[in-house]
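Data block below; observations after.
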């Protein structure tokens, strides 16, 4: 990763990835193993302290890099602090900010899972990574097409008439 960054590459960490991109990860209560502290990768000026209570939130907001709408969820037990958080990646609708952008713009981090699920946000992140020419996937359309293929396969290969007869017979018998 260091070589990748040295040659101009980009790096994005989500959730635990954000925490590892910081300078230190503290686990005073031994939540993730033995109590203690670990040195992070140091590419974001932040440190994280693990807490006994897990954060679980659905979130909506804007990706500040490209001003794209995002929604997703947070599920983590860490609280991060540090200078890197002064350059957030997301502005959430509830007024909070999330994530960080490194001073050189090469490293991003967020606690929000799902930032790749929205075509405009994915396009903005691909552009940030130098891949603007790559067409982002529309995951909702891909999911819908997959469900349609599954429905077609069920319709083709399942004897729905026999299944309906079986269900009717079970219902008529009171079972």
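Numbering (UniProt numbering), first residue to last: 1 to 175.
Each residue gets a CB set at the ideal place from its N, CA and C atoms; glycine is no exception.
The alpha helix (DSSP H) with residue 28 in it runs from where to where?
Here residue 28 belongs to no alpha helix (DSSP H), and DSSP marks it neither H nor E.
At what residues does the alpha helix (DSSP H) containing residue 19 begin and finish?
16-21
Could you pull out every residue in the same chain whose Cβ sits closer than 7 Å to the Cβ of residue 91, ignoring the five residues on either side in sequence?
61, 62, 64, 97
With burial defined as no fewer than 16 other Cβ atoms inside 10 Å of the residue's Cβ, what is the status of residue 33: buried or exposed?
exposed
For residue 85, which option in 126, 43, 117, 93 has the closest C-alpha, if you only look at C-alpha atoms?
43
Residue 52 (DSSP reduced to helix, strand or coil):
strand
C-alpha gap between residue 119 and residue 142, whole angstroms:
12 Å
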